[in-house]
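Colleague: I have a structure I would like to understand better, so I am pasting it below and will then ask my questions one at a time.
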Amino acid sequence: MNAPQAATGARPLSVIFHSRTPKVEAPDPVAHKEHLLKVAAASSRDAAHVWDELWAEVRRYQAAHGVGEQDGQPGFSPGMGWVAFVEKLEELRHLIDGIERVCTHQ
3 MNAPQAATGA RPLSVIFHSR TPKVEAPDPV AHKEHLLKVA AASSRDAAHV
53 WDELWAEVRR YQAAHGVGEQ DGQPGFSPGM GWVAFVEKLE ELRHLIDGIE
103 RVCTHQ
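Here you go:
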């Protein structure tokens with residue numbers, strides 16, 4: 003080795019450009035399954051959080067109006083507004099679908 007390569011430990015350019023490209027090995031199946039389980043767990047936590055938000059809205063309504071209203075009284079109206087409430091429902095469905103896809107490998 004010449005002096006600059008010895009000091010840095012670098013390989014000569016001829017070795018870098020003419021060396022074979024290393025084979026890419028398939029991922030470890032156990033590690034892949036562990037990864038999928040972590041994804042499913044994170045999605046499940048997110049789904050539970052969204053559910054908690056929606057359920058809090060329903061409980062807020064029940065506390066203010068009681069359970070089982072009579073006809074003619076105002077119905078449930080989420081404090082976050084209907085648009086946000088429906089978006090939360092859609093997000094919850096998306097998260098649940100994601101968990102199902104991960105668990106069924108789709």
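First residue of the sequence shown? That's 3 in our numbering, and the numbers climb one at a time after it.
The beta carbon of each residue, even a glycine, is placed where N, CA and C say it ideally should be.
Fair warning: this is a prediction, and the values are worked out from it, not measured in the lab.
Quick one: grab the DSSP three-state call for Gly-83.
Modeller: For the purposes of this step, residue 83 is taken as residue 81 along the sequence shown, with counting starting at 1. Correct three-state label for Gly-83: coil.
Colleague: What would DSSP say about His-67, mapped onto helix, strand or coil?
Modeller: Here residue 67 corresponds to residue number 65 of the sequence shown, with the count starting at 1. Correct three-state label for His-67: helix.
Colleague: For the segment 33-42 against the segment 78-88, are there 3 or more C-beta pairs whose distance is under 8 Å?
Modeller: no
Colleague: Looking only at C-alpha atoms, which of Asp-48, Ala-44, Thr-106 sits nearest to Glu-92?
Modeller: In the sequence shown, the residue the question calls residue 92 occupies position 90. Nearest to Glu-92 by C-alpha distance, out of Asp-48, Ala-44, Thr-106, is Asp-48.
Colleague: Rounded C-beta distance between Trp-53 and Leu-94? I'm assuming under 8 Å.
Modeller: Along the sequence shown, one-based indexing puts residue 53 at 51. Along the sequence shown, one-based indexing puts residue 94 at 92. Confirmed, Cβ separation roughly 6 Å.
Colleague: Going by beta carbon distance, what residues of the same chain come within less than 6 Å of Pro-80, once the five residues before and after it are set aside?
Modeller: Here residue 80 is taken as the residue at index 78 of the sequence shown, counted from 1. Excluding positions up to five away in sequence, the list reads Glu-59, Phe-87.
Colleague: When you compare only the Cα positions, how much space is there between His-34 and Arg-103?
Modeller: Numbered from its first residue, the sequence shown carries residue 34 at position 32. Numbered from its first residue, the sequence shown carries residue 103 at position 101. Their Cα atoms are separated by approximately 15 Å.
Colleague: By Cβ distance, which residues of its chain are closer than 7 Å to Gln-64, with the 5 residues on each side in sequence left out?
Modeller: Position 62 of the sequence shown holds residue 64. Around Gln-64: no qualifying Cβ.
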